[in-house]
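Numbering (my numbering), first residue to last: 77 to 234. Even glycine gets a Cβ: it sits at the ideal position worked out from N, Cα and C. All remarks here apply to the structure that follows.
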Amino acid sequence: MYGHGNEYAEFHVKGNDAQLQDAYHVLLRNNAGMMVSFVDKKEFHDQKDLLGAHAQWEINYWHEHASRVESNIRQDLMGSNKGLKVTEIKVYNDKGAQMSSYLIGLAANDGVFVLSVSPAKKEVDPLVKELVSSFKLVHQKLDPERVKNLASEAKAHD
77 MYGHGNEYAE FHVKGNDAQL QDAYHVLLRN NAGMMVSFVD KKEFHDQKDL LGAHAQWEIN
137 YWHEHASRVE SNIRQDLMGS NKGLKVTEIK VYNDKGAQMS SYLIGLAAND GVFVLSVSPA
197 KKEVDPLVKE LVSSFKLVHQ KLDPERVKNL ASEAKAHD
């Protein structure tokens, strides 16, 4: 769960597949890591397509900090949720070293909730599909009582 204003994003990682590192970082199975964040729509300069604008915003960031950037929309990982977008990004430095990640963006009223999963590789695809299928927007403020109830529900399902 990750809250912003009067909304929060909910997603599920099953059982022992996740080890929380801090409030924003999770170590996942298959030696993958995940970062949870929110990008305010002000960053997108009034663009209406928040998901497209977010992906381009990320790509622009990496163009400023890397020698080469490649991106690809991963329709095969997105499922049927039109309010969600998965973009694979590969970033290279001047020595040819590569970093890759999947950006899973979920459109909200004030911006985009983002799960960034790295590295982007075939072994991680099933995990990304699981995250995508559980990633949803809830139009409710995330307060301590709600967190407690959701945590209890999650433990009951593991």
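First through last residue of the alpha helix (DSSP H) which encompasses residue i
i: H139; result: 126 to 141
i: Q216; result: It is not in any alpha helix (DSSP H) - Q216 carries neither H nor E in the DSSP assignment.
i: S210; result: 201 to 210
Pick from the options that is closest to residue i, judged by C-alpha positions
i: D186; options: M110, R105, K118; result: K118
i: A183; options: D170, V214, L153, S147; result: V214
i: V115; options: G155, E199, K171, A85; result: A85
i: F241; options: V204, A173, F211, E199; result: What the structure shows of the chain is the stretch from 77 to 234, and residue 241 is not part of that stretch, so it cannot be assessed.
i: H141; options: P220, D170, K198, G81; result: D170
i: D125; options: A173, M154, S177, K158; result: K158
i: L191; options: Q174, K217, S113; result: S113
i: M154; options: S209, V193, G81; result: S209
i: K198; options: Q216, R150, K161; result: R150
i: A94; options: E206, P220, L218, K217; result: E206
i: I180; options: Q216, F87, Q97; result: F87
i: Y100; options: K217, V193, P220; result: V193
i: L160; options: K90, N136, Y178; result: Y178
i: Q174; options: W138, D152, V162; result: W138
i: K90; options: S156, F120, V102, N82; result: V102
Inter-residue CB distance, residue i and residue j (contact presumed, cutoff 8 angstroms)
i: P195; j: A108; result: 7 angstroms
i: N106; j: V200; result: 5 angstroms
i: M110; j: L104; result: 6 angstroms
Identified DSSP bridge partners for residue i
i: H80; result: E83
i: G181; result: K161, V190
i: S156; result: S156 is not bridged to any residue.
i: Q151; result: Looking at the DSSP assignment, Q151 forms no beta bridge with any residue, so it has no partner.
i: E146; result: K166
i: S176; result: K166
Enclosing beta strand (DSSP E) for residue i [first to last residue]
i: S113; result: 108 to 116
i: Q95; result: 94 to 96
i: L101; result: It is His, not Leu, that sits at residue 101 in the sequence shown. It spans 101 to 104 - the beta strand (DSSP E) in which H101 sits, taken as one unbroken run.
Practice task
Indicate whether the contact test is met: 3 or more Cβ pairs, each with one atom in the region 204 to 224 and one in the region 128 to 143, closer than 8 angstroms.
Solution key: no
Practice task
Report yes or no: do three or more beta-carbon pairs, one from the region 131 to 151 and one from the region 165 to 177, lie closer than 8 angstroms?
Solution key: yes
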